[in-house]
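Okay, structure first, notes after.
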Amino acid sequence: MWSDSVINGWTVENYIRTRRSPDAGRFDIGNERKTENIHDSIWAGPYQTFVEEDKLRLVSHPSQAMGIQVERIYFLEENQPVLHIKQRMSNISNGEVEYCFWTRTLLPAGGIYYCEAIPNSQYPLGFSEISLSADTLIPSHHLQERIHVENRYFTAFPGGDEQKKYGINTTNGMYFYQFNDYLYIKQNKYVPQGKYDNNLRVCFPNMIYFNDEFLEMEPNSPMVKLKPGEAYEYEEIWTLRELNSITDNTY
């Protein structure tokens, strides 16, 4: 994972003062524009930590601004480089809330990202570039400097001088990044009838962002409405594999 040494040891107060975001394995709540000014304690604040047999459980402070409390459970499969991450948000407010889980994993630039891209009536190419200054789409083409689409697969080569953000219509819940001799695989569950709306009017179950330093993998859950006392759970599975040769295409 890509790490930012500048923020080592920082607290939520440092984040509020500088707005310099967490690195590596970011765990956020969306819709992005809905939460960007109220998510500080859950995004960058302290969590209570509990070690329970083979699991690590983290619990956020209740966020009065968002009306939720978040819990995350991490556990590794025995003798396997496979990490399960279960997240749960609970409505602690007196009214209805609506959010999604939005995991944002940062990996070093210079590798190859790929995932399924399914064309539909809204996104004929199966993907679209997203404006970084506004939540709008930029007309996209199959052939771009660092983007290629063929046989319903989207491939990106992160790096270069420009920042880029793309939404991809991925329906199988599998996302890949090959860097040197390692393959990182992220999996989640796609909900066919889910309301994917993480950027207001830009509705993709899967997004990526990249610059000259890192690639940010950003699958998200559907938006869910929770009444007081209700909760919603979401799971991702992260796998790291060492590739013995370029012909290793198990996945």
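Position 201 of the sequence shown, counting from 1, maps to 273 under this note's numbering, and the rest follow consecutively. C-beta: ideal position from N, C-alpha, C; glycine also. Being a predicted model, the structure only gives us computed values, none of them experimental.
Helix or strand or just coil, what does DSSP make of Arg-160?
For the purposes of this step, residue 160 is identified with residue 88 of the sequence shown, where counting begins at 1. If DSSP states are grouped into helix, strand and coil, Arg-160 belongs with the strands.
For Ile-190, does the three-state DSSP call read helix, strand or coil?
Translated into the one-based positions of the sequence shown, residue 190 becomes position 118. It is coil, neither helix nor strand.
Helix, strand or coil for Lys-106, going by three-state DSSP, please let me know.
Locating residue 106 in the sequence shown gives position 34, where the first residue counts as 1. If DSSP states are grouped into helix, strand and coil, Lys-106 belongs with the helices.
Please list, in chain order, all residues of the same chain as Pro-294 whose beta carbon is under 7 Å from its beta carbon, the five residues on each side excluded.
Taking the first residue of the sequence shown as 1, we reach residue 294 at position 222. So the qualifying residues of the chain are Cys-172, Val-263, Gly-266, Lys-267 and Tyr-268.
For Ser-113, report the span of its alpha helix (DSSP H) as first-last.
In the sequence shown, the residue the question calls residue 113 occupies position 41. 112 to 116 is the extent of the alpha helix (DSSP H) around Ser-113.
Please report the residue range of the beta strand (DSSP E) in which Ile-140 lies.
Counting from one through the sequence shown, the residue named residue 140 turns up at place 68. Here the beta strand (DSSP E) through Ile-140 covers 140 to 148.
Distance, Cα to Cα, Ser-162 vs Ala-116?
Position 90 of the sequence shown, counting from 1, holds the residue named residue 162. Position 44 of the sequence shown, counting from 1, holds the residue named residue 116. Straight-line Cα distance between these residues: approximately 18 Å.
What residue does the beta strand (DSSP E) around Ile-280 start on, and which one ends it?
The count along the sequence shown starts at 1 and reaches residue 280 at position 208. First-last of the beta strand (DSSP E) with Ile-280: 278 to 282.
In three-state DSSP terms, what is Arg-98?
Numbered from its first residue, the sequence shown carries residue 98 at position 26. Note: Arg-98 maps to strand in three-state DSSP.
Sorted by chain position, which residues of the same chain lie with C-beta nearer than 8 Å to Gly-167's C-beta, five sequence neighbours on each side aside?
Along the sequence shown, one-based indexing puts residue 167 at 95. Hits under 8 Å: Gly-139 and Pro-300.
Specify whether the segment 96 to 107 and the segment 271 to 281 touch according to this definition: at least 3 beta carbon pairs, one from each stretch, less than 8 Å apart.
Contact between the segment 96 to 107 and the segment 271 to 281 is present, because at least three Cβ pairs lie under 8 Å.
Look at Arg-63 and Ala-189 and say whether their C-beta atoms are less than 8 Å apart.
Lying before the first or after the last residue shown, residue 63 is absent from the chain, which here runs from 73 to 323.
Does the segment 201 to 218 come into contact with the segment 228 to 242, if we say contact requires no fewer than three beta-carbon pairs (one atom in each stretch) closer than 8 Å?
The segment 201 to 218, when compared against the segment 228 to 242, does touch it at the 8 Å Cβ threshold.
Considering only residues of the same chain and omitting the five flanking positions on each side of Pro-291, which have a CB-CB separation below 7 Å?
Along the sequence shown, read from residue 1 onward, the residue named residue 291 stands at position 219. Cβ neighbours of Pro-291 beyond the five flanking positions: Thr-175, Tyr-247, Lys-258, Asn-260, Pro-277 and Asn-278.
Rounding to the nearest angstrom, what Cα-Cα distance links Pro-180 and Pro-118 in this structure?
Walking along the sequence shown from the start, residue 180 turns up at place 108. Walking along the sequence shown from the start, residue 118 turns up at place 46. Spanning the two alpha carbons is a distance of roughly 26 Å.
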